[in-house]
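> I am attaching a structure below and will ask some questions about it afterwards.
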Amino acid sequence: MSDTPRNLFDKVWETHRVRELPSGQTQLFIGTHLVHEVTSPQAFAMLRERNLPVRFPQRTFATVDHIIPTDSQIRPLSDELAEAMMTELERNCRDHGIRLFDAASGAQGIVHVIGPELGLTQPGTTIACGDSHTSTHGAFGAIAFGIGTSQVRDLLATQCLAMVRLQVRRIEVTGKLAPGVYAKDLTLDIIRRLGVKGGVGYAYEYAGPILAAMSLEERMTVCNMSIEGGARCGYVNPDDTTYEYLRGRPWAPEGDAFDRAVAWWRSMASEPGADYHDVVEVPGSEIAPTVTWGINPGQNLAIDQTIPTIQDTPDEDRASVAEALEYMDLRPGMPIAGTPIDVAFIGSCTNGRISDLREAARVAQTGQVPPSVRALVVPGSQEVARQAEEEHLDEVFRAHGFQWREPGCSMCLAMNPDKLEGREVCASSSNRNFKGRQGSPTGRTLLMSPAMVAAAAIHGQVVDIREVL
Ligand code: SF4
Numbered sequence: 205m206s207d208t209p210r211n212l213f214d215k216v217w218e219t220h221r222v223r224e225l226p227s228g229q230t231q232l233f234i235g236t237h238l239v240h241e242v243t244s245p246q247a248f249a250m251l252r253e254r255n256l257p258v259r260f261p262q263r264t265f266a267t268v269d270h271i272i273p274t275d276s277q278i279r280p281l282s283d284e285l286a287e288a289m290m291t292e293l294e295r296n297c298r299d300h301g302i303r304l305f306d307a308a309s310g311a312q313g314i315v316h317v318i319g320p321e322l323g324l325t326q327p328g329t330t331i332a333c334g335d336s337h338t339s340t341h342g343a344f345g346a347i348a349f350g351i352g353t354s355q356v357r358d359l360l361a362t363q364c365l366a367m368v369r370l371q372v373r374r375i376e377v378t379g380k381l382a383p384g385v386y387a388k389d390l391t392l393d394i395i396r397r398l399g400v401k402g403g404v405g406y407a408y409e410y411a412g413p414i415l416a417a418m419s420l421e422e423r424m425t426v427c428n429m430s431i432e433g434g435a436r437c438g439y440v441n442p443d444d445t446t447y448e449y450l451r452g453r454p455w456a457p458e459g460d461a462f463d464r465a466v467a468w469w470r471s472m473a474s475e476p477g478a479d480y481h482d483v484v485e486v487p488g489s490e491i492a493p494t495v496t497w498g499i500n501p502g503q504n505l506a507i508d509q510t511i512p513t514i515q516d517t518p519d520e521d522r523a524s525v526a527e528a529l530e531y532m533d534l535r536p537g538m539p540i541a542g543t544p545i546d547v548a549f550i551g552s553c554t555n556g557r558i559s560d561l562r563e564a565a566r567v568a569q570t571g572q573v574p575p576s577v578r579a580l581v582v583p584g585s586q587e588v589a590r591q592a593e594e595e596h597l598d599e600v601f602r603a604h605g606f607q608w609r610e611p612g613c614s615m616c617l618a619m620n621p622d623k624l625e626g627r628e629v630c631a632s633s634s635n636r637n638f639k640g641r642q643g644s645p646t647g648r649t650l651l652m653s654p655a656m657v658a659a660a661a662i663h664g665q666v667v668d669i670r671e672v673l
C-alpha cells in the first residue's frame, strides 16, 4: 500500500484491477452485477450461443422493473411482450442459478432502489448494470457503472469489464440547502453549472457539509443523475450514515462480520490530501427549487427565473436552445412558474423512495388534483410500497386525486403502458427530459423534485414549492 493519500475511486480501481489490457483499458473485476428484463435477454442469448455459463451467479441479481406494468402485475401480464420478457428472464435466472427478485419475492422493484434496500450495494465495491442510472449506487461509496448489452454479456461470462480509467473531479457543495430545496434541485444545479457533457471522462466525488448531512436516499438522488452530467459514475464517501443504513439489511454482513466490514469500508474512503484532477465548488445555499424547461437535464432554471431568450444565450448554445424552445413550445422570457401541466409523475430510481413519497404526500395534502391532470405515484419497490402503505401515504395520495400504482419504472421511460399522449406536458420526478422519453414522440417533460411535482399536480401548473409549504 502506498503512503500517498488516495481518493476512494483510485482505491476501488486498484483493488478490483485484474490487469492492463493491450487496448489501454483496465480489466476490472465487478463485485455485483444487477440485471433487469430489458438489457439482459440478448446477453443471455449470446452466452447460450457460445455455450458459456455465468461466471459468478452468486454475484448476479435480477429484478423486473422497466417493462412491468404498474396497474396490475397479476400473471400472465396483459401486455404479451412484457409477459414474454418476464418469462425469458425467469428462464435465464433459473438456467444460470441467478437470484431473481420478481413480484412474488416481495422484494421486486427498480433495480437501483432494491440494490441498496437489500444491502447488496456496499462501500468500496464495484457494481454494474445495464441501465445508465447505475451511478445511483455511488451514494454508498461504490463505483458503479451503467453498461450496454454487449458489456452485460461480457460481465455475465467473466465477471469483468474492460474499462478506461477515469479522472476524478471533487464537487464540494458548500453552505446549507434552503427550505423547499432538495437533493434533486442540487443535482440539477450541478448539471447546469458543469454542463451535460462536463463530466465526460470523470468520476464525480460529491463532498461538503450538505452531502455529509444528507440521508442515503438523498445521496442516491444526487449520484443517480451523475450520468446526466456526462460523468461515468458519481460517489459520496462512506460514513456513519452509510453504515447505519446498511446495518441489518438482508445482504449486509452480520455480527462481527459487519464490524469488520465497517472497518474496511472506512478504509476505502478518500483520505485528506488525496489528489483530484480538479475541484469544483458549488454554493449550495444559493440553490432555489429548480425545474427543467428544455430537452436535456442541464436546460434548467430556478423556479423564479424566466425561460431563456435566444438573444440572451451565448452563441455556442443558441442552436440547442432554439431546438428546445421549438420542441417544448414555451415562450422565451416567460416565467417557468405558471406553466400548465397535463400529467404528474412521482417515481423512478431518482425519486421513488420512501422519503420522496413522504415529502410528496405532505404537499399532496394541501390540495386536490384537478380533473385536467393525470397524477401517478409509483413506488420504487415493493418495500417502498409496503412502508408507504403502513404509513397510509397511499390513502393520502388517493384522497387527493393521485393514482397509487404498483412498483416499476413506469413513466420514467415508458417501456410499459404508462406513457404520455400527444403533446402532453409532464411534471416528473424522473431523470431525463429528452424528446419522446416518456412514451409520446412529442410529449414534454419538466424535471423537478417530487415535492414540486406534487405541488404542480394539485395546482395544474408549475408552482414554487416555497409558496405551498
Ligand atoms: S426508473 Fe428510469 S432510469 Fe431508473 S432504472 Fe428505471 S428506466 Fe432506468
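Going by the numbering used here, the sequence shown runs without a break in its numbering and finishes at 673.
Glycine included, every Cβ here is placed at the ideal spot set by N, Cα and C.
Since we're looking at a predicted model, the values are computed, not measured.
Rounded to whole angstroms, what's the CA-CA distance from Q509 to P501? Just pull it up for me.
The residue labelled residue 509 in the question sits at position 305 within the sequence shown. The residue labelled residue 501 in the question sits at position 297 within the sequence shown. For Q509 and P501, the distance between alpha carbons rounds to 16 angstroms.
> Please identify the residue among R263, A660 and R578 whose C-alpha is closest to the C-alpha of T236.
Locating residue 236 in the sequence shown gives position 32, where the first residue counts as 1. Nearest C-alpha to T236: R263.
> When you compare the segment 627-640 with the segment 582-595, are there three or more beta-carbon pairs, one atom per stretch, that lie closer than 8 angstroms?
In short, these stretches do not touch, since the Cβ pair count stays below three.
> In the DSSP assignment, find the unbroken alpha helix (DSSP H) run with M367 in it and report its ends.
Numbered from its first residue, the sequence shown carries residue 367 at position 163. M367 -> not in any alpha helix (DSSP H); beta strand (DSSP E) instead, spanning C364 to M367.
> Compute the distance between the beta-carbons of P621 and P257, then report whether it is under 9 angstroms.
As a working note, residue 621 is residue 417 in the sequence shown. As a working note, residue 257 is residue 53 in the sequence shown. No, they are not a contact pair.
> One question on the structure: do Q503 and N635 come within less than 9 angstroms of each other, judged by their Cβ atoms?
Against the sequence shown, residue 503 aligns to sequence position 299. Against the sequence shown, residue 635 aligns to sequence position 431. No, these two residues do not count as a Cβ contact at 9 angstroms.
> Strictly by DSSP, which residues pair up with D482?
Numbered from its first residue, the sequence shown carries residue 482 at position 278. R373, per the DSSP bridge assignment.
> Cα separation between G350 and A311?
Sequence index remark: in the sequence shown, residue 350 carries index 146 (1-based). Sequence index remark: in the sequence shown, residue 311 carries index 107 (1-based). Each residue's alpha carbon lies about 22 angstroms from the other.
> Which residues in the same chain have their Cβ closer than 6 angstroms to the Cβ of Y408, if we skip the five residues on either side of it in sequence?
By 1-based counting over the sequence shown, the position of residue 408 is 204. The answer, listed in chain order, is R373, I375, S430, A435 and G438.
> Here's the rule: buried if 16 or more other CB atoms are within 10 angstroms of the residue's CB, otherwise exposed. What is E448?
The residue labelled residue 448 in the question sits at position 244 within the sequence shown. That one is exposed.
> For my contact list, D393 and I491 are in at a C-beta cut-off of 8 angstroms; report their separation, rounded to the angstrom.
Position 189 of the sequence shown holds residue 393. Position 287 of the sequence shown holds residue 491. The Cβ separation is near 5 angstroms, so the contact holds.
> What separation, rounded to the nearest whole angstrom, lies between the Cα atoms of V216 and D460?
Along the sequence shown, one-based indexing puts residue 216 at 12. Along the sequence shown, one-based indexing puts residue 460 at 256. Taking the straight line joining both Cα atoms gives about 23 angstroms.
> Is it right to say K388 is buried, meaning 16 or more other beta carbons lie within 10 angstroms of its own, or is it exposed?
The sequence position of residue 388 within the sequence shown is 184, counting from 1. Buried, because 16 or more other Cβ atoms sit within 10 Å of the Cβ of K388.
> Measure the C-alpha to C-alpha separation of I558 and G605 and round it to an integer number of angstroms.
One-based indexing of the sequence shown puts residue 558 at position 354. One-based indexing of the sequence shown puts residue 605 at position 401. Near 19 angstroms, if we compare the C-alpha coordinates of G605 and I558.
> Could you please give the first and the last residue of the uninterrupted beta strand (DSSP E) stretch that includes Q591?
Walking along the sequence shown from the start, residue 591 turns up at place 387. Element bounds for Q591: not the beta strand (DSSP E) but the alpha helix (DSSP H), Q586 to E594.
> Tell me whether E475 sits in a helix, a strand or coil according to DSSP, three-state version.
Working through the sequence shown from its first residue, we reach residue 475 at position 271. E475 falls in the coil class under three-state DSSP.
> Which same chain residues, not among the five before or five after V404, have their C-beta less than 6 angstroms away from its C-beta?
As a position in the sequence shown, residue 404 is number 200, starting the count at 1. The answer, listed in chain order, is G434.
> Do A564 and P654 come within 9 angstroms of each other at the CB atom, strictly closer than that value?
Your numbering for residue 654 matches position 450 in the sequence shown. Your numbering for residue 564 matches position 360 in the sequence shown. Yes, Cβ-Cβ distance for P654 and A564 is below 9 angstroms.
> Is M289 near R279, with beta carbons less than 9 angstroms apart?
Counted from its first residue, the sequence shown places residue 289 at position 85. Counted from its first residue, the sequence shown places residue 279 at position 75. No, the pair does not count as a contact, with Cβ atoms beyond the cut-off.
> Taking the alpha carbon of V581 as the point to measure from, which residue in V495, D560, V377 and P454 has its own alpha carbon closest?
Against the sequence shown, residue 581 aligns to sequence position 377. The shortest C-alpha separation from V581 is found at D560.
> Would you say T325 and F344 are within 9 angstroms of each other, going by their C-beta atoms?
Taking the first residue of the sequence shown as 1, we reach residue 325 at position 121. Taking the first residue of the sequence shown as 1, we reach residue 344 at position 140. Yes, they are a contact pair.
> Hey, would you say A603 sits closer than 9 angstroms to A658, going by beta carbons?
Your numbering for residue 603 matches position 399 in the sequence shown. Your numbering for residue 658 matches position 454 in the sequence shown. Not in contact: A603 and A658 (Cβ atoms no closer than 9 angstroms).
> Who does P539 pair with in a DSSP beta bridge?
For the purposes of this step, residue 539 is identified with residue 335 of the sequence shown, where counting begins at 1. Paired residues: T510.
> Which of helix, strand or coil does DSSP assign to L420?
To locate residue 420, count along the sequence shown from 1; it is residue 216. Of the three classes helix, strand and coil, the one that applies to L420 here is helix, per DSSP.
> Under DSSP, the beta strand (DSSP E) around H240 begins and ends at which residues?
Locating residue 240 in the sequence shown gives position 36, where the first residue counts as 1. Element bounds for H240: T236 to H240.
> Counting along the chain, where does the beta strand (DSSP E) carrying T198 start and finish?
As shown, the chain starts at 205 and ends at 673. That puts residue 198 outside it, with no answer to give.
> Could you pull the DSSP bridge partners for R641 from this structure?
Position 437 of the sequence shown, counted from the first residue, corresponds to residue 641. None, per the DSSP bridge assignment.
> Between which two residues does the alpha helix (DSSP H) holding F549 run?
Residue 549 sits at position 345 when you count from the first residue of the sequence shown. From DSSP, F549 is part of no alpha helix (DSSP H) but of the beta strand (DSSP E) over V547 to I550.
> Relative to ligand 1, is the shortest distance from any of its heavy atoms to the C-beta of N255 smaller than 8 angstroms?
Locating residue 255 in the sequence shown gives position 51, where the first residue counts as 1. Result no, Cβ not under 8 angstroms from ligand 1.
> Rounding to the nearest angstrom, what Cα-Cα distance links V315 and E241 in this structure?
Taking the sequence shown and counting its residues from 1, the one referred to as residue 315 is at position 111. Taking the sequence shown and counting its residues from 1, the one referred to as residue 241 is at position 37. V315 and E241: Cα-Cα distance of roughly 10 angstroms.
> Strictly by DSSP, which residues pair up with R578?
The sequence position of residue 578 within the sequence shown is 374, counting from 1. The partner list for R578 (beta bridge, DSSP) reads V547.
> In the segment 400-472, which residue ranges form an unbroken beta strand (DSSP E) of at least 3 residues, counting only runs that do not cross its ends?
Counting only runs of 3 or more, we get 406-411 and 437-440.
> Can the beta-carbon of I514 be found closer than 9 angstroms to that of A660?
Translated into the one-based positions of the sequence shown, residue 514 becomes position 310. Translated into the one-based positions of the sequence shown, residue 660 becomes position 456. Contact flag unset, no.
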